[in-house]
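Reviewing the structure listed below.
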Amino acid sequence: MDARILLIEDDPSIREVTAIGLRGAGFTVETANDGQAGLDRFRSDPFDLILLDVMLPRLDGLEVSRAIRRTSTVPIVMLTARADTIDVVVGLEAGADDYVKKPFEVPELVARVRAALRRAGREPDDAAHLALGPLTIDIAGRTVARDGRDIALTRTEFDLLVELTRHTGQVLARDTLLDRIWGYDYLGDSRLVDVAIQRLRAKIEADPAAPELIQTVRGAGYKAVR
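The numbering of the sequence shown is this note's numbering, which starts it at 876 and goes up by one.
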């Protein structure tokens, strides 16, 4: 898979080992050792994916992610030494598509990177538009509106909404969503699905505390309801 990756990591040993592993997997890798340098590099050159440490000098990873998201939908995979649910929530809210907990094995990271790149390269669905209650989903344009008002979703949130809407009324298990949206299963963490659903509901539901469009089926998963 020929792709250009920007690795923003301040720890020299992690940066070197990770870059070597990614290059060995066939990627072109550029590096930056702090948040501001990484953001400057992103703005000056095109990249297919950003691999971003959360704890960085000058600008932390969350600030960098928010800045990137103002102008780009490039996939962002965060590296974090903490993977509590609140950290996952904050990372996804800042625009990340996935996260990998430190310490990690390079093959695991490579698998997650490849999955994120595959998601980013998906072709538009055959259907031009989908609808879910008051939502109108433009597949090719990757836009969502509720009652005519545009809703800003991340790439992952959009893909998750489309997958659930395509199977309206059908319960999709967390493992199924991990595989279809994030592109992996055995490496996955079901909390990622729960947090992404939570963030999606906050944007599309009239009352996120009493969701009507995406419902939880206890012990089974989630389903979209018209």
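In this text, a Cβ means the ideal position worked out from N, Cα and C, and glycines have one as well.
Check whether residue i and residue j have beta carbons under 8 Å apart
i	j	result
Leu1010	Ile1079	yes
Pro950	Ala991	yes
Val939	Gly913	yes
Ala1071	Thr1031	yes
Per DSSP, the bridge partner or partners of residue i
i	result
Leu1035	According to DSSP, Leu1035 bridges with nothing at all.
Val1019	Ile1012, Ile1026
Ile925	Leu881, Ile951
Leu1005	Ile1012
Thr903	Arg879
Ile1089	Ala1099
Lys1078	For Lys1078, which the question treats as bridged, DSSP gives no partner whatsoever.
Any non-hydrogen atom of the ligand PLP closer than 7 Å to residue i Cβ
i	result
Thr1043	As for the ligand PLP, it is missing from this structure, which has no ligand bound.
Same chain only: Cβ atoms within 7 Å of residue i, ignoring 5 sequence neighbours per side
i	result
Arg916	Leu881, Glu905, Ala907
Gln1045	Lys1098
Pro999	Its pLDDT being 49, under 50, Pro999 is placed unreliably in this model, and the coordinates cannot settle the point.
Buried or exposed (CB count within 10 angstroms, at least 16 for buried), residue i
i	result
Leu1024	What sits at residue 1024 in the sequence shown is Arg, not Leu. So Arg1024 ends up on the exposed side.
Ser919	exposed
Glu980	exposed
Pro921	exposed
Ala942	buried
Contacting residues, own chain, Cβ-Cβ under 6 Å from residue i (five flanking each side not counted)
i	result
Arg1049	Ser1065, Val1068, Gly1096
Ala1077	Pro1083
Glu884	Arg890, Asp928
Arg1017	Phe1033
Taking one C-beta from the region 1010 to 1020 and one from the region 964 to 979 each time, how about it: are there three or more such pairs within less than 8 Å?
no
Contact between the region 978 to 997 and the region 1078 to 1096 (3+ Cβ pairs under 8 Å)
no
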